[in-house]
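2 protein chains.
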Amino acid sequence: MKKTYKCKICRQETAIYLREHRLALCRGHYIAWFERYVSRTINQFKMFRRQDRILVGVSGGKDSLTVWLVLNRLGYQADGFFLDLGIPDFSELSYFKGRDFAAVHGLKFQRLSMKDLIGVCLPDLERKTRKVCSLCGAVKRALFNKLAKEMGYQVIVTGHNLDDEASSLLSNVVNWSLKYLARKYPVLPEGGGFVRKAKPLCRSSVKEIRLYAELNDIDYLADPCPFSENATRLVYAEEMERLEEAFPGAKRRFYIEYLRKAYPVFHKEMERFMEKPLTTCSRCQEPAVNDPCLICRIKAEASGRL
Amino acid sequence: MKKTYKCKICRQETAIYLREHRLALCRGHYIAWFERYVSRTINQFKMFRRQDRILVGVSGGKDSLTVWLVLNRLGYQADGFFLDLGIPDFSELSYFKGRDFAAVHGLKFQRLSMKDLIGVCLPDLERKTRKVCSLCGAVKRALFNKLAKEMGYQVIVTGHNLDDEASSLLSNVVNWSLKYLARKYPVLPEGGGFVRKAKPLCRSSVKEIRLYAELNDIDYLADPCPFSENATRLVYAEEMERLEEAFPGAKRRFYIEYLRKAYPVFHKEMERFMEKPLTTCSRCQEPAVNDPCLICRIKAEASGRL
Chain A
2 MKKTYKCKIC RQETAIYLRE HRLALCRGHY IAWFERYVSR TINQFKMFRR QDRILVGVSG
62 GKDSLTVWLV LNRLGYQADG FFLDLGIPDF SELSYFKGRD FAAVHGLKFQ RLSMKDLIGV
122 CLPDLERKTR KVCSLCGAVK RALFNKLAKE MGYQVIVTGH NLDDEASSLL SNVVNWSLKY
182 LARKYPVLPE GGGFVRKAKP LCRSSVKEIR LYAELNDIDY LADPCPFSEN ATRLVYAEEM
242 ERLEEAFPGA KRRFYIEYLR KAYPVFHKEM ERFMEKPLTT CSRCQEPAVN DPCLICRIKA
302 EASGRL
Chain B
2 MKKTYKCKIC RQETAIYLRE HRLALCRGHY IAWFERYVSR TINQFKMFRR QDRILVGVSG
62 GKDSLTVWLV LNRLGYQADG FFLDLGIPDF SELSYFKGRD FAAVHGLKFQ RLSMKDLIGV
122 CLPDLERKTR KVCSLCGAVK RALFNKLAKE MGYQVIVTGH NLDDEASSLL SNVVNWSLKY
182 LARKYPVLPE GGGFVRKAKP LCRSSVKEIR LYAELNDIDY LADPCPFSEN ATRLVYAEEM
242 ERLEEAFPGA KRRFYIEYLR KAYPVFHKEM ERFMEKPLTT CSRCQEPAVN DPCLICRIKA
302 EASGRL
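Protein chains in written order, with the numbering used here: chain A, 2 to 307; chain B, 2 to 307.
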């Protein structure tokens, strides 16, 4: 016989049991709990304020749609933005999910295409490099930052969840990538040409987000990107899952205790870990690792005048 | 057909191939290589000098017998010490391995019994506590330190290998035990009532040590302690093995890069991580976490006058 639980708030039966939090909640109270948890994350890390204009990077997956909905329900001004990478079928499908979601919830949503912006799409890059995932990440970060500023947004929000953060932390630690560890924090301040960046779902697990998305009938894209064959990331994700199985709550503790105890130690010495200081691209005036910046180099190559 | 290798030094066939080091060596040159590698570890971390009197903690296993032999072959004055924990059969067998080894190699070896020293043996403690492994570790560390000083040794050497160090590092990191991380170094200096402690095999893997022990016909005890049922430690050891399989060399890089890059950062802030400063036991004058110290409390309890 399956055990049934009563909601801690309304005593209704057939509630959802959150083992890690030792908490049983009905559907309605789960939704409220999840939103309050995200709200507490936002406040705890001083991510942003009511008056900030927020741009949510929307991929059409459960994480980005969930964070977008929660922010609006919590009363923040959060608009959606979709960067069309031009991946056949996948990009179209991703866009539709975002567009339909925006329509259902009456949210502001816009789409810009990588091809229009810099002259190439992701499949063009994919043919040239084996490291398409990290290149895609760098391109997205740079374009998001530039576009957010141009459109007058103060904050960029992404849907990174606890599982993402814990497994990438494990990877950073196993490789002792101190320059990443020193900046691994769920909010990065504005300044030096960067807008503020925040990850309000950093303390919410994949399970919790999926449940929230399903209870809210969010129609999201569950397929992974066809170009993502990031075996390395998968190894760390599996390692983290095994630790979680052996020591329930390990994933959350590992990440939260990092933020509380180890991050301040690394952050304090950040300057020492940076391989070289950031510069400003002489072509587009954006902050950059090299001059010209990645985006301007891709643009130049695309137009044949490097 | 099995691939055969030629020794890099003497070109002799049927050599041992060390994949991680991309090095093929015959038996004789492997032994020389292993010893030189340990010698370099000793020098790199400034573990001890020729004139230091060294006490090796001998368990009868491959690690402690190997480090003992290597130190003597490298010309250090290293005597063996066996603490008899009084574990039925196991302690006897361990002792015999150490005693016979000492006889074969003409080394100085002594045995003292926990029961004689503090009135109880490990099985007595095991009946009272579930954390017998960590208690055993604390008792051994305290007794070794006290006895080494009394017998005029400047350094205590233990056989901890790379696999031990990497998996305990992983455990410390996953739990962000900063007070351990800040002191996780293969040599700890003398001072404050402590003698110097060193782990010359910290960069040698289990595989390398086992091979060295076998090529030298070391008759060691391969059985684990019957009280060790340290499931937690096993989880981290398995995690580390999986990382090693996915990324060959990961274990060594994780540990060595920790020492090089992250340890200095943690060590610098050590004072902040210590929960409380060490004190001196008012009964035995040894350094201690509490007063009376663990050993004096066990002694008092054993003699019925707590």
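Just so it is clear, CB atoms sit at the ideal spot from N, CA and C, and this is done for glycine as well.
The structure displayed is predicted, hence computed values, not measured ones.
{"Query": "I'd like to confirm the pairing. Which residues does DSSP put opposite B:Asp85 in its beta bridges?", "Result": "B:Ser114"}
{"Query": "Within 10 Å of its beta-carbon, does B:Asn44 have 16 or more other beta-carbons around it, so buried, or fewer, so exposed?", "Result": "exposed"}
{"Query": "Between the alpha carbons of B:Ser310 and B:Glu93, how many angstroms are there, rounded?", "Result": "Absent from the model: residue 310 of chain B. The displayed extent of chain B is 2 to 307, so no value can be given."}
{"Query": "Determine the DSSP secondary structure at B:Lys109, reduced to helix, strand or coil.", "Result": "coil"}
{"Query": "Name the residue from B:Lys262, B:Asp64 and B:Asp53 whose alpha carbon lies nearest to the alpha carbon of B:Tyr213.", "Result": "B:Asp64"}
{"Query": "Measure the C-alpha to C-alpha separation of B:Glu245 and B:Val207 and round it to an integer number of angstroms.", "Result": "13 Å"}
{"Query": "Give the straight-line distance between the Cα atoms of A:Leu46 and A:Ala289, rounded to the nearest whole angstrom.", "Result": "A quick correction: the sequence has Phe, not Leu, at residue 46 of chain A. C-alpha separation (whole angstroms): 26 Å."}
{"Query": "When Cβ atoms are compared, which residues of the segment 222-254 of chain B fall closer than 7 Å to chain A?", "Result": "Val236, Glu240, Arg243, Leu244, Ala247 and Ala251"}
{"Query": "Assuming A:Gly1 contacts A:Met115 under a Cβ cut-off of 8 Å, what Cβ separation, rounded to an integer in Å, is found between them?", "Result": "This structure does not reach residue 1 of chain A, given that chain A is present from 2 up to 307, and the question cannot be answered."}
{"Query": "Do we get a CB-CB distance below 9 Å when we pair B:Tyr314 with the residues of chain A?", "Result": "No answer is possible for residue 314 of chain B: it lies beyond the span of chain B, which begins at 2 and ends at 307."}
{"Query": "Could one say the Cβ of A:Glu258 lies closer than 9 Å to chain B's Cβ atoms, at least one of them?", "Result": "yes"}
{"Query": "For A:Ala186, count the other beta carbons within 10 Å of its own beta carbon; 16 or more makes it buried, fewer makes it exposed. Which is it?", "Result": "A small correction: the amino acid at residue 186 of chain A is Tyr; Ala does not occupy that position in the sequence shown. Under this definition A:Tyr186 is a buried residue."}
{"Query": "Quick check: what's the CA-CA separation for A:Glu14 versus A:Gly29?", "Result": "12 Å"}
{"Query": "Quick check on the DSSP output: what are the complete beta strand (DSSP E) runs of length 3 or more inside the segment 5-78 of chain A, in order along the chain?", "Result": "17-19, 24-26 and 54-58"}
{"Query": "What would DSSP say about B:Lys198, mapped onto helix, strand or coil?", "Result": "strand"}
{"Query": "For a contact meaning CB atoms closer than 8 Å, what does B:Phe185 contact in chain A?", "Result": "Looking at the sequence provided, one finds Lys at residue 185 of chain B rather than Phe. Within chain A, no residue comes near B:Lys185; the closest Cβ sits about 13 Å away, beyond 8 Å."}
{"Query": "Based on DSSP bridge pairs, tell me the residues matched to B:Leu189.", "Result": "B:Lys198"}
{"Query": "Where B:Asp85 and B:Leu148 are concerned, what is the direct C-alpha to C-alpha distance, given to the nearest angstrom?", "Result": "13 Å"}
{"Query": "Can you list, in chain order, the residues of the segment 272-290 of chain A whose Cβ is nearer than 7 Å to any Cβ on chain B?", "Result": "none"}
{"Query": "Given a threshold of 16 other Cβ atoms within 10 Å of its Cβ, counted over all protein chains shown, does A:Lys98 qualify as buried or as exposed?", "Result": "buried"}
{"Query": "Strictly under 9 Å for the Cβ-Cβ distance: is A:Val175 near chain B by that measure?", "Result": "yes"}
{"Query": "Do you know how far the Cα of B:Gly58 is from the Cα of B:Lys141?", "Result": "9 Å"}
{"Query": "Below 7 Å CB to CB, which residues in the same chain sit around B:Glu321 once its five sequence neighbours on both sides are set aside?", "Result": "Given that chain B is displayed from residue 2 to residue 307, the structure contains no residue 321 of chain B and the question cannot be resolved."}
{"Query": "With DSSP as the reference, label B:Thr233 as helix, strand or coil.", "Result": "helix"}
{"Query": "When you compare each of B:Leu113, B:Asp165, B:Gly120 and B:Asp164 to B:Phe145 by their alpha carbons, which one comes out closest?", "Result": "B:Leu113"}
{"Query": "For the segment 123-148 of chain A, enumerate the residues whose C-beta is nearer than 9 Å to any C-beta of chain B, in chain order.", "Result": "none"}
{"Query": "I'd like the span of the alpha helix (DSSP H) that includes B:Val121, first residue to last.", "Result": "It is not in any alpha helix (DSSP H) - B:Val121 carries neither H nor E in the DSSP assignment."}
{"Query": "What are the boundary residues of the beta strand (DSSP E) that B:Val158 is part of?", "Result": "Val156 to Val158"}
{"Query": "What in chain A is Cβ-close to B:Lys180, meaning under 9 Å?", "Result": "Residues of chain A passing the Cβ test: none, with the nearest at roughly 10 Å."}
{"Query": "Starting from B:Asp164 and walking both ways along the alpha helix (DSSP H), at which residues does that stretch end?", "Result": "Leu163 to Val175"}
{"Query": "Using a C-beta to C-beta distance shorter than 9 Å, which residues of chain A count as neighbours of B:Phe267?", "Result": "Ala263 and Val266"}
{"Query": "Evaluate B:Gly250 with the Cβ neighbour count: other Cβ atoms within 10 Å of its Cβ, from every protein chain shown; 16 or more gives buried, anything less gives exposed.", "Result": "exposed"}
{"Query": "For A:Lys198, which residues from the same chain have a beta carbon less than 6 Å from its beta carbon, with the 5 sequence-adjacent residues on both sides left out?", "Result": "Ile157 and Leu189"}
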